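Q: Numbering (our numbering), first residue to last: -3 to 244.
C-beta: ideal position from N, C-alpha, C; glycine also.
All values reported here derive from a predicted model rather than from experimental measurement.
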Ligand SMILES: NC(=O)c1ccc[n+]([C@@H]2O[C@H](COP(=O)([O-])OP(=O)(O)OC[C@H]3O[C@@H](n4cnc5c(N)ncnc54)[C@H](O)[C@@H]3O)[C@@H](O)[C@H]2O)c1
């Protein structure tokens, strides 16, 4: 019997996989049969990988270290023998009103949410081209398609990510590689709850046709689909997983 969305014999890299959405993605891809290289700056990435068993390995790495991304990818390729899927999930949000935005927080947001994901995709795509197969998946945000107060740097970085995703799709498509973004609404992780709590969260839910926030598994499910062979013709999309928030 055909099993849809099987990732047997595939190797995935997931960044920011120690917690939140990233951990759910790593677990989901592992359950679908993939071997998973889990990357995070937090030491907990080691125990998070152990939780997933022998098919996962944790790498302590700070993505701010952009110059060393090539070495990281080489190491993972050496450890696993191939790289089929990259999920650029790690991200940060430093929330400031327009008049308060600092250059340091602006630059840090761009570095982690946009620059590091792009260069990781660049390094992984070299191996994917040789294999004639690859899936580049960028976890963007609803902030890539709508405005959110106090999110100027975050919105800009996530729009930038959705934009370079389309260029990856256009340039790398001929090599059997797809590139897509996923743009969730609020997910109740550490990052999500920092801003969206109390009355602000309740008011936000009322603006979402589904009347709730998304779960980490709902984002992982979207990643699984886009990682699969079945999604070969989905290329350059920004899949908005927002319960309909952005359509009204
Ligand atoms: N939670 C939400 O409401 C929401 C909504 C839309 C999009 N997103 C996006 O989803 C992604 C995951 O968000 P989350 O809510 O799970 O966040 P989180 O803060 O709960 O987890 C993020 C993980 O990334 C790691 N990380 C952060 N900076 C890093 C760095 N420099 N190097 C290596 N690892 C680093 C953290 O250690 C952490 O384990 C982010 O890109 C975020 O922008 C989140």
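1) Any chance the CB of residue 38 is under 6 Å from a heavy atom of ligand 1?
2) Just mark residue 48 as buried or exposed, buried being the case when its beta carbon has 16 or more other beta carbons within 10 Å.
3) In whole angstroms, what separates the C-alpha of residue 149 from that of residue 114?
4) Given the structure, does residue 185 come close to ligand 1, in the sense that its CB is under 6 Å from one of the ligand's heavy atoms?
5) Residue 206: which of 243, 189, 71, 4 sits nearest, CA to CA?
6) Pair every Cβ in the region 26 to 35 with every Cβ in the region 2 to 11, then say whether three or more of these pairs are closer than 8 Å.
7) Once the 5 residues before and after residue 224 are set aside, which same chain residues still bring their CB inside 6 Å of it?
8) Rounded to the nearest angstrom, how far is the Cβ of residue 246 from that of residue 59, given a contact under 8 Å?
9) Hey, would you say the C-beta of residue 194 is under 6 Å away from at least one heavy atom of ligand 1?
10) Residue 84 and residue 158 - do their beta-carbons sit closer together than 7 Å?
11) Should residue 154 go down as buried or exposed, given a rule of 16 or more other Cβ atoms within 10 Å for buried?
12) What I want to know is whether the C-beta of residue 43 ends up closer than 6 Å to one or more non-hydrogen atoms of ligand 1.
13) Output the residue ranges of the alpha helix (DSSP H) runs that lie fully inside the region 191 to 237 and measure 4 residues or longer, sorted by chain position.
A: Concretely, from the data shown:
1) Translated into the one-based positions of the chain shown, residue 38 becomes position 42. Because some heavy atom of ligand 1 lies under 6 Å away, the Cβ of residue 38 counts as near it: yes.
2) Translated into the one-based positions of the chain shown, residue 48 becomes position 52. Counting every other CB atom within 10 Å of its CB across the protein chains shown gives residue 48 a total of 16 or more, marking it as buried.
3) For the purposes of this step, residue 149 is taken as the residue at position 153 of the chain shown. For the purposes of this step, residue 114 is taken as the residue at position 118 of the chain shown. Looking at the two C-alpha atoms, the distance is approximately 17 Å.
4) As a first step, residue 185 is located in the chain shown; it is residue number 189 there, counting from the start. The answer is yes for residue 185.
5) On the chain shown, residue 206 is found 210 positions in, with the first residue counted as 1. For residue 206, the nearest C-alpha among the options comes from 243.
6) Yes, the region 26 to 35 touches the region 2 to 11.
7) Stepping through the chain shown from its first residue, residue 224 is reached at position 228. So the list reads 1, once near-sequence residues are dropped.
8) Not covered by the structure: residue 246. The range shown for the chain is -3 to 244.
9) Here the question's residue 194 lines up with position 198 in the chain shown. It does not: the Cβ of residue 194 is nowhere closer than 6 Å to a heavy atom of ligand 1.
10) Along the chain shown, read from residue 1 onward, the residue named residue 158 stands at position 162. Along the chain shown, read from residue 1 onward, the residue named residue 84 stands at position 88. Residue 84 is positioned such that its CB atom lies no closer than 7 Å to that of residue 158.
11) The count along the chain shown starts at 1 and reaches residue 154 at position 158. Here residue 154 is buried: its Cβ has 16 or more other Cβ atoms, across all protein chains shown, within 10 Å.
12) Within the chain shown, residue 43 is the residue found at index 47, counting from 1. A distance criterion of 6 Å places the beta-carbon of residue 43 beyond contact range of ligand 1, judged by its closest non-hydrogen atom.
13) Entirely contained in the region 191 to 237, the alpha helix (DSSP H) runs reaching 4 residues are, in chain order, 194 to 203, 212 to 223.
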